[in-house]
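In order, the protein sequences belong to chains A and B. Per this note's numbering, the first sequence starts with residue 1, numbered consecutively. Per this note's numbering, the second sequence starts with residue 1, numbered consecutively. Heads up: the structure comes next, in structure tokens.
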Amino acid sequence: MGSDALDAYFNKVYGDTFRAVSRFVVSKCGSVQDSEDIVQNIYTRFYQRIAKKGYDDIESAEAFVINIAKFECRNYFGSIKKNSVSTNFADYTEEQMVEIEAEMSKEQKSLEDVLCNELLAKQIFEDIARDDPVIGRIFYLHFVCDMKLDDIAKELDLTLSSVKNKLYRTIERQKKKFDI
Amino acid sequence: MNKNDFYKELFEKYALDEEKIRRNALKAAKTPAWKRAVSTHWKTAVGAAAAVAVTVGAVTYIAGQNPVIDIVSSETMLTASQRLRDAEQNYMNSSSEDESAVSIYISFSENVCYSDMSVALSAVPDSDDINVEVLYMSDGTRITGKTDIEAYAEKSAADKSIAGAKLTAPARCYRDIQDLSSVNLAEKASDILNDETFVPIPDDDPLRGDSDIAVTPAAKETPAVTTSFSFVTEKPVSEPGIIITAVQSETAETTEDPELEDPDGVNDPDDAETTLPAETEEPDIVVEETDEPEETDVPETEEPEITEAPETTADEITVAVTEISDTPDIGLMTQIYQLNVENSLETVLVGNHAVVLTRNSVYCYTLGGIMNSQPKVCEVSNPKIALADKDNVIISGCGQDGLRNVIVVLDTATGIVYSSDVKPSLGDSEIGTIYCASAEGRYFLKAVSSSSTYIYEITPNSETGVQFRPLFDYTGAVSLAGYKNNRLWFTAADENMKYSLFSFDCRLGSLRTDYVFGSECRVRRSPSFESFIISVNDAEEDRTDTFVYDVSSESLIPVQIGADANIAVKWGRIMIGADNENYVLSADGSLAVTGEKIDYSGKPHTDYVIYSSDSEKVVVSEKFGWD
Chain A
1 MGSDALDAYF
11 NKVYGDTFRA
21 VSRFVVSKCG
31 SVQDSEDIVQ
41 NIYTRFYQRI
51 AKKGYDDIES
61 AEAFVINIAK
71 FECRNYFGSI
81 KKNSVSTNFA
91 DYTEEQMVEI
101 EAEMSKEQKS
111 LEDVLCNELL
121 AKQIFEDIAR
131 DDPVIGRIFY
141 LHFVCDMKLD
151 DIAKELDLTL
161 SSVKNKLYRT
171 IERQKKKFDI
Chain B
1 MNKNDFYKEL
11 FEKYALDEEK
21 IRRNALKAAK
31 TPAWKRAVST
41 HWKTAVGAAA
51 AVAVTVGAVT
61 YIAGQNPVID
71 IVSSETMLTA
81 SQRLRDAEQN
91 YMNSSSEDES
101 AVSIYISFSE
111 NVCYSDMSVA
121 LSAVPDSDDI
131 NVEVLYMSDG
141 TRITGKTDIE
151 AYAEKSAADK
161 SIAGAKLTAP
171 ARCYRDIQDL
181 SSVNLAEKAS
191 DILNDETFVP
201 IPDDDPLRGD
211 SDIAVTPAAK
221 ETPAVTTSFS
231 FVTEKPVSEP
241 GIIITAVQSE
251 TAETTEDPEL
261 EDPDGVNDPD
271 DAETTLPAET
281 EEPDIVVEET
291 DEPEETDVPE
301 TEEPEITEAP
311 ETTADEITVA
321 VTEISDTPDI
331 GLMTQIYQLN
341 VENSLETVLV
351 GNHAVVLTRN
361 SVYCYTLGGI
371 MNSQPKVCEV
381 SNPKIALADK
391 DNVIISGCGQ
401 DGLRNVIVVL
411 DTATGIVYSS
421 DVKPSLGDSE
431 IGTIYCASAE
441 GRYFLKAVSS
451 SSTYIYEITP
461 NSETGVQFRP
471 LFDYTGAVSL
481 AGYKNNRLWF
491 TAADENMKYS
501 LFSFDCRLGS
511 LRTDYVFGSE
521 CRVRRSPSFE
531 SFIISVNDAE
541 EDRTDTFVYD
551 VSSESLIPVQ
561 IGADANIAVK
571 WGRIMIGADN
581 ENYVLSADGS
591 LAVTGEKIDY
601 SGKPHTDYVI
611 YSSDSEKVVV
621 SEKFGWD
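Set out below in structure tokens:
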């Protein structure tokens, strides 16, 4: 099998499955940063497999790659304890949450400038990612994977209230810290 | 932009960079195993230097007969591992803008000719700035200086005998040189690594020889390897999950260690057992002094093996992988791994995986690259390796009823494991032997009950598990012999003990009698499950007639060989190993001696060797380098 054909197949599968695989990994594994390594390993294994055995027998590439993802997640994070649910802060009331949600939908021109400021944008990202790994996962699953918060709660084995509180608490904290 | 969009964009940009991951995954997949391994070793060394006291062991290879390798005093010699780590560091730290001229020693993956070398180097950007200073030849000699090198190039441009070279080049070229596919290792010169001490490291280890290939006695006449081996002596400390062992390191000596006379494990009976599981099915067949020959069947001896599931205890298994570093005082050496598995039953190496069976579990260690921290892949009672080939390790196990009717398939390429309770398919019969027609990638399973034999085609499928397709059953014992183009050959006896060779058309489901022998016959298969040898024992005449069945021509060819000869198919030709010689079989049955090395074992390829295997430990060594 030609290397070009192999790469083309890999790239197609990668493009088709990346979102599903990253969603799977982020929801199963420790943190967003860890997930990057795991996703890379998954696709490395996948490439090695198709290089070795071809891909004619793969009917559903997504199912196949997710199978590898299951293996990788078990392999690298089987020993990690489930994240404990920290409730250090007082919970928001329903009204407060609705307020925050409404505010998030408001246009804020300054946000585009923030994104253009790479240093600041990276700082904001790392502020989330390095805080509580669960929060980073909630952000990723919600904003990038477009998952609903109740689905995320089920996926992460948390209560909906806990997910909302973690998300909104962080957004509120960032609002003050970075003036956004 | 609102905050929802803001966070979406922020995370898309900084979390899981899709393009970067794709690039890195491809790069990692295409990086040779040793480079990945060295990367891991290096990172481990830097990141967790003092984390664990490691067991120290060494395997030293001193190739007195191999002129590539010079023996240099250990004070001035870098270990192979150290050289690899240094190369890794140089690689990581090299700058694409560094114009300074450096001396670079390159080891080719395999010997090249001058033309090949020139073509390879010409692929490096700014190759005009690269000068060849010294050529290191495979016979241990060196050619130094522009004049001599040019003379050599003119005279022997096509002679593939260049094992390495010393170059001068801008430092910025270093990475590009290392990335050349023909270059196994590129190393910058240092105080220790200089013209006198540099020895090329080829990609293939002389220790490996032809690890998959049975070595004929003629080839063994050259005493190529002398080894010395130091080993674990005590276990002073332990931590959860890790067994830390200390070792008394011995000085390198050139005395022979009986354990290592056969470093490839070619003649290791333990190893042979793991790769020839079918032997347990026909216990009274004697296989003599062959290099892992194919099994021999006598159908009437086949009986289902009744295996009692062993009793288990809660704490029977402790598993640890200790990556054993090299010792600095023993010349060139390699990384070896010690897998501590109490009560291990079987171990088989496939590719870069060590699959270890204990009484209730299957473990799969990934060697060389990223060591997996959770090697246990599944639990299965009384597991046995039914087949290990380059793609899969198929393991049978016992179900709750104590019968061998659980099947586990480990896809070694992906690490995916899928197990199936196949009792619904097998009923009261038990899994016997599994055969792989490797040329066509088809698997056949023989299940046996007290009175019948059932033949299935099985398809390991990582999405749907193992699929069973019943082919036929036979009242009595059956010896599967070979397969080609939808036709499966087997021998069996009728109620009058008259033996015949049958073939079953897997597509049409029809049975054909090809030959009737009458007398008892035995079958020896080729590793690829194609052609086979049939020995017909005529007790009344007190003689044994031996035939080779050529599945391509569907003809039975009488041959003058012993019943214990081995058979293999290579490049479409039938090869016979008998009387310490290898032969090519002609259509008329004549045998022509060949010097080719033939693999009669069907042993899956691996870059590792098991040095010792017992209930306590398995030591596995990488075979890269010549350590």
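Note that CB positions come from ideal geometry on N, CA and C, so glycine has one too.
Where phenylalanine 125 of chain A sits in the DSSP three-state scheme: In this structure, phenylalanine 125 of chain A counts as helix in the three-state DSSP scheme.
Rounded to the nearest angstrom, how far is the Cβ of alanine 15 of chain B from that of valine 144 of chain A, given a contact under 8 Å? The Cβ separation is near 7 Å, so the contact holds.
Of all Cβ atoms in chain B, is any one closer than 8 Å to the Cβ of lysine 166 of chain A? No, no contact with chain B.
Buried versus exposed call for threonine 433 of chain B [16 or more other C-beta atoms within 10 Å across all chains shown]: Flag for threonine 433 of chain B reads buried.
Please specify which runs of the beta strand (DSSP E), each continuous and at least 3 residues long, are wholly inside the segment 448-481 of chain B, giving them in chain order. 452-461, 465-475, all fully within the segment 448-481 of chain B.
Assign glutamate 596 of chain B to buried or exposed, taking buried as 16 or more other Cβ atoms, counted over all protein chains shown, within 10 Å of its Cβ. By the 10 Å Cβ count, glutamate 596 of chain B comes out exposed.
Nearest CA to the CA of proline 558 of chain B: which residue from B/Ser586, B/Trp571, B/Glu541, B/Asn580? Minimum Cα distance to proline 558 of chain B is reached at B/Ser586.
Report the neighbours of tyrosine 140 of chain A on chain D: residues whose CB is nearer than 7 Å to its CB, in chain order. Of the protein chains in this structure, namely A and B, none is chain D.
Along chain B, which residues have their Cβ under 7 Å away from the Cβ of threonine 44 of chain A? What threonine 44 of chain A touches in chain B: Ala25, Ala28, Ala29.
For chain A, is any of its Cβ atoms less than 8 Å away from the one on aspartate 179 of chain B? No, because no Cβ of chain A sits closer than 8 Å to the Cβ of aspartate 179 of chain B.
8 Å CB neighbourhood of methionine 104 of chain A in its chain, flanking five on each side removed: Counting only Cβ-Cβ distances below 8 Å, and skipping sequence neighbours, we find Ile171.
Burial state of threonine 491 of chain B, where buried means 16 or more other Cβ atoms lie within 10 Å: Only buried fits threonine 491 of chain B, as 16 or more other CB atoms lie within 10 angstroms of its CB.
Check whether the Cβ atoms of tyrosine 43 of chain A and isoleucine 416 of chain B lie closer than 8 Å to each other. For tyrosine 43 of chain A and isoleucine 416 of chain B, no; Cβs fall outside 8 Å.
Per DSSP, what kind of secondary structure is tyrosine 105 of chain B in: helix, strand or coil? In this structure, tyrosine 105 of chain B counts as strand in the three-state DSSP scheme.
Limits of the unbroken alpha helix (DSSP H) element including glutamate 188 of chain A: Lying before the first or after the last residue shown, residue 188 of chain A is absent from chain A, which here runs from 1 to 180.
Could you name the residues of the same chain whose beta carbon sits closer than 6 Å to that of valine 516 of chain B, not counting the 5 residues immediately before and after it, in chain order? Counting only residues of its own chain and dropping the five nearest sequence neighbours on each side, valine 516 of chain B has a CB closer than 6 Å to the CB of Ser500.
Under the rule that 16 or more other beta-carbon atoms within 10 Å means buried, what is glycine 482 of chain B, buried or exposed? Result: buried.
Taking the C-alpha atoms as reference points, what is the distance between aspartate 329 of chain B and asparagine 352 of chain B? Residue placement at aspartate 329 of chain B is flagged as unreliable, the pLDDT there being 35, under the threshold of 50; a coordinate-derived value is accordingly withheld.
Could you check which residue in A/Asn11, A/Lys28, A/Gly15, A/Asp4 has the C-alpha nearest to that of arginine 137 of chain A? When A/Asn11, A/Lys28, A/Gly15, A/Asp4 are compared, the shortest CA-CA separation from arginine 137 of chain A is found for A/Lys28.
Determine the DSSP secondary structure at isoleucine 385 of chain B, reduced to helix, strand or coil. It is a strand residue.
Buried versus exposed call for tryptophan 489 of chain B [16 or more other C-beta atoms within 10 Å across all chains shown]: Residue environment for tryptophan 489 of chain B: buried (at least 16 other C-beta atoms within 10 angstroms of its C-beta).
Please name the residue, chosen from B/Glu520, B/Ser503, B/Cys506, B/Val548, that lies closest to glutamate 495 of chain B on a Cα-to-Cα basis. Distances from the CA of glutamate 495 of chain B to each of B/Glu520, B/Ser503, B/Cys506, B/Val548 were compared; the closest alpha carbon is that of B/Glu520.
Inter-residue spacing [alpha-carbon to alpha-carbon] between aspartate 514 of chain B and glycine 54 of chain A: Looking at the backbone, the Cα of aspartate 514 of chain B and that of glycine 54 of chain A are separated by about 36 Å.
Give me the Cα-Cα distance between alanine 61 of chain A and asparagine 392 of chain B, rounded to the nearest whole angstrom. Across the structure, alanine 61 of chain A and asparagine 392 of chain B are spaced so that their CA atoms are roughly 19 Å apart.
What would DSSP say about glycine 136 of chain A, mapped onto helix, strand or coil? In the structure shown, glycine 136 of chain A adopts helical secondary structure according to DSSP, grouped into three states.
Which residues in the same chain as aspartate 159 of chain B place their Cβ atom closer than 7 Å to its Cβ, once the five residues preceding and following it in sequence are excluded? If you ignore the 5 residues before and after aspartate 159 of chain B, its C-beta comes within less than 7 Å of the C-beta of Cys113, all in its own chain and listed in chain order.
Using three-state DSSP, classify asparagine 360 of chain B as helix, strand or coil. In the three-state reduction of the DSSP assignment, asparagine 360 of chain B falls in the coil class, being assigned neither a helical nor a strand state.
Confirm, please, whether the CB-CB distance from lysine 166 of chain A to isoleucine 124 of chain A is below 8 Å. Result no, Cβ atoms of isoleucine 124 of chain A and lysine 166 of chain A do not sit closer than 8 Å.
In chain A, which residues lie less than 9 Å from glutamate 352 of chain B when you measure between Cβ atoms? Just to set this straight, residue 352 of chain B is asparagine in the shown sequence, not glutamate. Those within 9 Å of asparagine 352 of chain B in chain A number zero; the least Cβ separation is about 10 Å.
Show which residues of chain B have a CB atom less than 9 Å away from the CB atom of phenylalanine 24 of chain A. Here the premise fails: no neighbours, minimum Cβ distance about 12 Å.
Any beta-carbon of chain B closer than 8 Å to the one on arginine 49 of chain A? Yes - at least one Cβ of chain B is within 8 Å of the one on arginine 49 of chain A.
Could you check if glutamine 178 of chain B is buried or exposed, using at least 16 other CB atoms within 10 Å of its CB as the buried criterion? By the 10 Å Cβ count, glutamine 178 of chain B comes out buried.
Using DSSP with H/G/I as helix, E/B as strand and the rest coil, what is glutamate 172 of chain A? It is helical.
Would alanine 8 of chain A pass as an interface residue toward chain B - the criterion being a Cβ-Cβ separation below 8 Å? No, because no Cβ of chain B sits closer than 8 Å to the Cβ of alanine 8 of chain A.
When the Cα atoms are used, what is the spatial distance from lysine 220 of chain B to asparagine 580 of chain B? Confidence in lysine 220 of chain B is poor, its pLDDT being 27 and thus under 50, which makes the residue's placement too unreliable to answer from.
Shorter than 8 Å from the beta carbon of phenylalanine 71 of chain A to some beta carbon of chain B? Yes, its Cβ sits closer than 8 Å to a Cβ of chain B.
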